[in-house]
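Chains A and B, in that order, give the protein sequences.
Under our numbering, the residues of the first sequence are numbered 2 to 362, in order.
Under our numbering, the residues of the second sequence are numbered 680 to 1014, in order.
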Amino acid sequence: MEVRLKNLSKHFGKVKAVNNFNLEINDGEFVALLGPSGCGKTTTLLMIAGIYKPTAGGIYFGDKIVNEVLPKDRKIGMVFQSYALYPHMTAFDNITFPLKLLRTPKEEREKRVNEVAKLVQIEELLDRKPAELSGGQQQRVALCRALIKKPDILLLDEPLSNLDAKLRTLMRAELKRLQRRLGITTIFVTHDQVEAMTMSDKIALLQLGKLQQYSSSDELYNRPVNLFVAGFIGSPPMNLIDVSLEQEEGKLLLKNEDITIEIPSKISKLIQSRSQDNKIVLGIRPENITIDHKRGEEAEVYVVEPMGMQVLVTVKLGNLQIKVLTAPPFTKKMGEEVKLHFNVNKIHLFDKNTEKSLLLN
Amino acid sequence: MSDNFQLERERSSLSSFPDSKSLFSKLKSGLLPYAFLTPTLIVVTLFFFIPLVMVFILSFTNLDMTNFGILKWWQPANWTLDNYVKIFTNRFFPRILNNTLMYVSMTLIFFNVGMALVIALITTNINRRVGFTFRLIWLMCRLTPVVVYIMMWKALAGPAPMGVINKHILGPLGIGTGEYLLNTNPWLFIILVNGFIGASFGMIIFSSAIEAIPKDYMIASKVDGASTWQTIRYITIPMIRWPLLFVTTYQTLSLLTSFEQILLLTNGGPGLYETEVWSLTAYHRAFSSYFGNTQWGYGSAWAVVLVIIGIVMAIVYLRVFKFNELIQEPKIDQL
């Protein structure tokens, strides 16, 4: 089932929780609504579920507008962060609750439970109450309850947040496989960019109720359209440095009192035409800076954080703190001098005022 | 071995150098909880436990106004079961029992639990502020002093042209003859009067219990396809089972023992024993006989039977609501 949000808005009093949100989700796609807390992602999900009524705009399932359709008639399944399993019912009763409401015959109910329970391997837990289940098991039961109606759309509200780190990694992969196998259009709310990037086909990144960028995780990471996206996506985050655009001896330079970088000639024309007042934010990811011993900008090691596969080094360049990812072993100590080499082909440039990318259309 | 040795050493050190400070603090920490309990224990003993034992003993005697100061009621030689025989052979006994059952069950079902639950469900499902205001207004009848409250009802029920109901509702509609409504429909008014107060208690307990249910459950049941009524039946009610048990049990017991509204409203009338309930009988026998002969022993016996009925009811409720199942099984952690 395709889902389209058209100019969707939701206001709570004066607060614009969701503001003019447009989104198109194709049939069978796995889409993440990503953003910091309070960005409107859960509000959007609850509007799609039919719990909240939009203040303005429309929600379309296929070609049908569903603004006025009751949750029970929307053919959706939902999994909550708290799982919301009814504590007075066994896992079996929890899972079959939607069928019970539809007055499905008992044999049919049992057959369907066994089908979905098999999918997530909880067949032997069906007679337990939620309180007797661990977090991971509860989550599987909640997933079964969402799937048993054979919904057209699966809504997941931070389903992995309450699991411990190891289990979360496991469930991430399982959920992704399950979604692919069943081919259900899935909308997934998370504040965790790793979850969003690893699991979904497309990510809608929101801030303060507004859509910032809607694209694949690759695109989001490599071609951020504005400063917010650039700063939000990536861990450790992108280095963002205030610079001004200056022209010297025919070369275009990005300069502040600590740093001078020459813009590659292929983008210099573009930048010159687009930048309005020469105030620019230079963005460069930690992995696109190399620590060189021979040439480059001189900097001082501020702190070294080994992470196993890589070493995160924070260096001080004048007043700037810059994060650099480098391969181990890294032998320099705090306070020692290193030279930095910026890979200028991988830089991102944003207009300081509009915060929009100067490199993308 | 080493443990024994250590113990031995501690013991010897204790006996040879009695550490007064640690002994004192031990004593203090041991007695402290009891010190905090003492005031309550004194009050409960003085005003509840001793009277209870006295009532129990009195119920086996024929202590009344005529032999007060003469009868040695505390002597077992003066104890008989006569009072209990008198209760169960009293010709008004079936009527009083019937009155009590009707009064308790009707008020409980329609108001103290029923109406309370309905109000709680409605006021928690509408605008928060409106719901809160409505509950506040409903509390007014509990806040009003009981004598004033009963006087208001008497004024409402009064005969035409004084009574509000007769004059402004029944009269214009042409119903009734304008009689004193407490004489024509005493039970209706007794149940209404008690129910309006009684419902406010359950209303407060239920609405706070309903508001304490995490919103996710409500959203989940809506997504699962439940209508409002189905959500109430399958999710809300089971989740407030504990407050339901509490209110039902508590209100049954308090209705069984409450008589002040009836005393003020009809005093058991208008007909002979027409609205006389069990606790009112106990009061009447013990404190206000027609002939000025207050039968304390006989009244106590009525009270003791009422206490036994109350205990039996409480046990029945605990069984019916399957109290054991309200306690959750421990979690079995896996995966």
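Where a beta carbon is used, it is the ideal one built from N, C-alpha and C, also for glycine.
- The criterion of a C-beta distance shorter than 7 Å is satisfied by alanine 231(A) and glycine 284(A).
- Nearest Cα to glutamate 890(B) within the set Gly874(B), Arg807(B) and Leu860(B): Arg807(B).
- At least 7 Å separates the beta-carbon of valine 312(A) from that of serine 201(A).
- In the three-state DSSP reduction, phenylalanine 13(A) falls in the strand class (E or B).
- Residue-level contact check: isoleucine 154(A) does not touch chain B, since none of the beta carbons of chain B fall below 7 Å from its beta carbon.
- By the neighbour-count definition (other C-beta atoms within 10 Å, threshold 16), methionine 172(A) is a buried residue.
- For the segment 882-907 of chain B, the residues whose beta carbon sits under 7 Å from a beta carbon of chain A are, in order, Pro893, Asp895, Tyr896, Ile898, Ala899, Lys901, Val902, Asp903, Gly904 and Ala905.
- With a 10 Å radius around the Cβ and a threshold of 16 neighbouring Cβ atoms, arginine 129(A) comes out buried.
- The residue among Lys107(A), Met308(A) and Lys211(A) with its C-alpha nearest the C-alpha of glycine 41(A) is Lys211(A).
- According to the DSSP assignment, glycine 842(B) belongs to no alpha helix (DSSP H), since it is labelled neither H nor E.
- Taking C-alpha positions only, alanine 18(A) is separated from valine 190(A) by approximately 15 Å.
- Listed in chain order, the positions of the segment 37-53 of chain A with a beta carbon within less than 8 Å of a beta carbon of chain B are Leu47, Ala50, Gly51 and Ile52.
- The alpha-carbon of threonine 786(B) is positioned some 48 Å away from that of serine 162(A).
- A distance below 7 Å between beta-carbons, with the five flanking residues on each side excluded, links proline 838(B) to the following residues of its chain, in chain order: Asn845, Gly857, Glu858 and Tyr859.
- DSSP, reduced to helix, strand and coil, places glutamate 220(A) within a helical segment of the structure shown.
- As computed with DSSP, isoleucine 262(A) is found in a beta bridge with Leu255(A).
- Residue contact check for methionine 79(A) against chain B: a CB pair falls below 7 Å.
- Residue nearest to alanine 92(A) within the set Ile149(A), Glu301(A), Lys252(A) and Ala174(A) is Ile149(A) (criterion: CA-CA distance).
- Annotated three-state conformation of leucine 942(B) is helix, per DSSP.
- Beta bridge pairing from DSSP links serine 358(A) with Phe351(A).
- Listed along the chain, the chain A residues whose CB falls inside 7 Å of the CB of isoleucine 914(B) are Tyr87.
- Each residue's CA atom was taken as its position, placing isoleucine 188(A) and valine 325(A) some 34 Å apart.
- Alanine 905(B) sits in coil when the DSSP states are folded into three classes, being neither helix nor strand.
- Annotation: leucine 34(A) has no Cβ neighbours in chain B at a cutoff of 8 Å; minimum Cβ distance is about 17 Å.
- Collapsing the DSSP output to three states places serine 738(B) in coil.
- Under the three-state reduction of DSSP, serine 269(A) is assigned to helix.
- Contacts with chain A (Cβ-Cβ distance below 7 Å) from the segment 926-943 of chain B involve no residue at all.
- Between the C-alpha atoms of phenylalanine 703(B) and valine 827(B) there is a straight-line separation of about 56 Å.
- Going by C-alpha positions, glycine 136(A) is about 16 Å away from leucine 157(A).
- In the DSSP assignment, valine 142(A) falls within the alpha helix (DSSP H) that extends over 136-148.
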